[in-house]
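What follows is a set of notes on a single structure, which appears directly below.
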Amino acid sequence: MTILIGKPLQWAITATAGAGFLLFGYDQGVMSGLLTGAAFTAQFPEIDTSEGARGSSSLQGTVVAIYEIGCFFGAIACFLFGEKLGRRWSIMIGCIVLAIGGALQASAYSIPHLIVGRIIAGIGNGMNTSTIPVWHSELMKADVRGKGLCIELAINIFGVMTAYWIDYGLSFVASEAQFRFPLALQILFALIAFGGVLVLPESPRWLLAHDREEDARHIIWAVHSNARMLDVGDEILDKEIADIQHAITKEREAAGHGSFRSLLTNGPQRFLHRTLLGIGGQFMQQLSGINLITYYAPVIFEQSVGLSHDLSLLLAGFNGVAYFFSSLVPIWIIDKLGRRKLMIFAAAGQSVCMAILAGTVSNGSKPAGLVAVVALFLFNFFFAVGLLAIPWLPEYAPLAIRTRSSALATASNWIFTFLVVEITPVSISNIKWRTYIYFAVFNALFLPLIYFFYPETRSLSLEQIDKLFEGEKVKLHWTPDLVAVEGGTQCSSFSKRQSQNGQERIDLYMKYIMKTKTSLPDLENPSLRDLFPSKSYD
């Protein structure tokens, strides 16, 4: 059990989840700069597609994209064994496998050797990306769950940015360290993520699903924002545990104990519908064209826009910086504006950017090239705000099938990514600027898909989200029922959830008074500032 409790523990969990996704982002970005490096192309001339070279663009696409096939099999491994292993062990095994794959890539002297390393690293990353969002979400409260995952994905983009700049810095090195050092750095990030998960708690929802209530109780207490004011046996924790156990019982009855068949049927909990929403989110993320840019930014700048090699690497680095800062925006707005609005905003902006990119690249002039660069930067902004983090939220999947449903969604992510990364070099070589038209159309088609099919989950607990899918029709918008306060007066301005939160704050304040023997709130106390915001005293 970790010695941290309350918000320090929440931040430690978010940081560790972020470390796992930083590794994911680094792996996505690192190959983009290596593909055009002198030392790399000298070692692997078979995939050198620069002007005058005889390398194969299809083989280059395969070497880059084979990583996604490994990720797919890693996600399938979690689908088969993740529920038995638990969240922590799945992540730690994934980190070990990824480190082995990183070592093989860094020591590669032939294409087959490099491919094997990328497949093994992919298996580890597939396990991590299937499990980390689930582990993270199940340890977060409803009102900060979206923010927490946005931070996690912002760190993911920090990994992409780090890879770009390391590639750029080492592009001036003539030795093989130019590509071996960036590939070996994956091992360090894997060990950091492994060490963090090793000392942090298991998901309390997984523990309750496996009849380990006492362990789950201690963890629910430890991750509570005001753990120092609560006892482990507090009735506030009793209520939360009872809610989770009730949801587990209902979902097990509907799922047949989480069997594979339950994923393919709807029933009262609409398991198939909810699994397809998760897969659809990953489909939209990848078919938006984001990995066309993430994996091949320097190639696009050099071959499509017509910039020099050094300038292409430099712009890719600045694009990574802009992408990272854009990924910080949803941290502050996702739990205020909700998921649907941000996804619609992103899809619309991405479609326009891809259309501009197609038009400017086809023009071929220098001013048009500058506009194309701006369009690439803006595309990353729109994507970071609306489609970067949201498809990774495992909110739609109920606990009974969450491991398998999330693993299937993640597996689909890697298949779609493989498709994009595999065809991009061939597409750019053959149909050139028309490549971007396809992605403009895809993004436009996402708008009605999001509007008509994706429910809003803002501020709902994982157990309350089940209510969206109950009844004859899926509710796109829903808040808990209004309740009457004691004495019969209707509390018309508060939902049940808000009322419960208010009562919890009162209970915690009374505990604070009993422990500190004070009668008025000390607004300098950080814990009380969270419970009683200053606007309450205006």
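Heads up: the sequence shown begins at 1 in this note's numbering, then just goes up one per residue.
We treat Cβ as the ideally placed atom computed from N, Cα and C, and that holds for glycine.
Since this is a predicted model, take the numbers as computed values, not measurements.
Across the set Phe40, Arg458, Arg402, the C-alpha of Phe40 shows the shortest separation from the C-alpha of phenylalanine 181. In the three-state reduction of the DSSP assignment, isoleucine 47 falls in the helix class, which pools H, G and I.
Taking 8 Å as the cut-off, the Cβ atoms of alanine 190 and glycine 102 count as close. Taking isoleucine 450 as the centre and dropping the five residues before and after it, the same chain places the C-beta of Arg340, Met343, Ile344, Ala347 closer than 7 Å to its C-beta, in chain order.
A direct Cα-Cα distance of roughly 21 Å separates leucine 9 from leucine 23.
The C-alpha of leucine 311 is placed about 45 Å away from the C-alpha of lysine 141.
Looking only at Ile431, Leu357, Thr14, the smallest Cα-Cα distance to isoleucine 331 is reached by Thr14.
Isoleucine 47 and leucine 419 have their C-alpha atoms roughly 18 Å apart. The three-state secondary structure of glutamine 269, taken from DSSP, is coil.
The shortest C-alpha to C-alpha distance from methionine 127 to any of Ala77, Ala99, Glu152, Ser107 is the one to Ala77. Here DSSP, grouped into helix, strand and coil, assigns valine 223 to helix. One alpha carbon belongs to isoleucine 300, the other to phenylalanine 21, and they sit about 25 Å apart. With at least 16 other beta carbons inside 10 angstroms of its own, tryptophan 414 counts as buried.
Rounded to the nearest angstrom, the gap between the Cα atoms of cysteine 71 and threonine 417 is 10 Å. Across the set Leu378, Gly124, His224, Ile244, the C-alpha of Gly124 shows the shortest separation from the C-alpha of isoleucine 187. The beta carbon of leucine 460 sits closer than 7 Å to those of Ala142, all from its chain and outside the five residues before and after it, given in chain order. Between the alpha carbons of leucine 170 and alanine 222 lies a gap of roughly 44 Å. Valine 64 has its alpha-carbon roughly 10 Å from the corresponding atom of serine 58.
Remark: C-beta atoms of cysteine 353 and phenylalanine 194 do not approach each other more closely than 8 Å.
The continuous alpha helix (DSSP H) containing methionine 354 extends over residues 339-363.
Here the C-alpha atom of arginine 434 lies approximately 46 Å from the C-alpha atom of leucine 85. When the Cα atoms are used, alanine 355 and serine 365 turn out to be separated by approximately 17 Å. Here alanine 99 carries a helix assignment [DSSP, helix/strand/coil].
Under a 10 Å Cβ-count criterion, histidine 113 is classified as exposed, with fewer than 16 other Cβ atoms of the shown protein chains found around its own Cβ. If you look at glutamate 68, you'll find it in the alpha helix (DSSP H) that goes 57-85. When only Cα atoms are considered, serine 137 and tryptophan 392 end up about 10 Å apart.
Between serine 351 and alanine 440, the C-beta spacing is below 8 Å.
Taking a contact to require three or more Cβ pairs closer than 8 Å, the region 356-375 and the region 259-276 do not qualify as touching.
One Cα belongs to glycine 369, the other to arginine 54, and the distance between them is close to 27 Å.
Here isoleucine 120 is near leucine 104, since their CB atoms are less than 8 Å apart. Here arginine 88 is not near valine 134, since their CB atoms are 8 Å or more apart. Straight through space, the alpha carbons of glycine 471 and methionine 31 are spaced by roughly 48 Å. Phenylalanine 181 carries a helical assignment under DSSP once its states are collapsed to helix, strand and coil.
Excluding five sequence positions before and after glycine 320, the CB atoms of its chain that fall closer than 6 Å to its own CB belong to Val160, Met161, Tyr164, given in chain order. Nearest neighbour of threonine 294 by Cα position, chosen from Gly317, Ala389, Phe172, Thr275, turns out to be Gly317. Take arginine 270, set aside five residues on each side of it, and the residues of its chain with a beta-carbon closer than 6 Å to its own are Phe469, in chain order.
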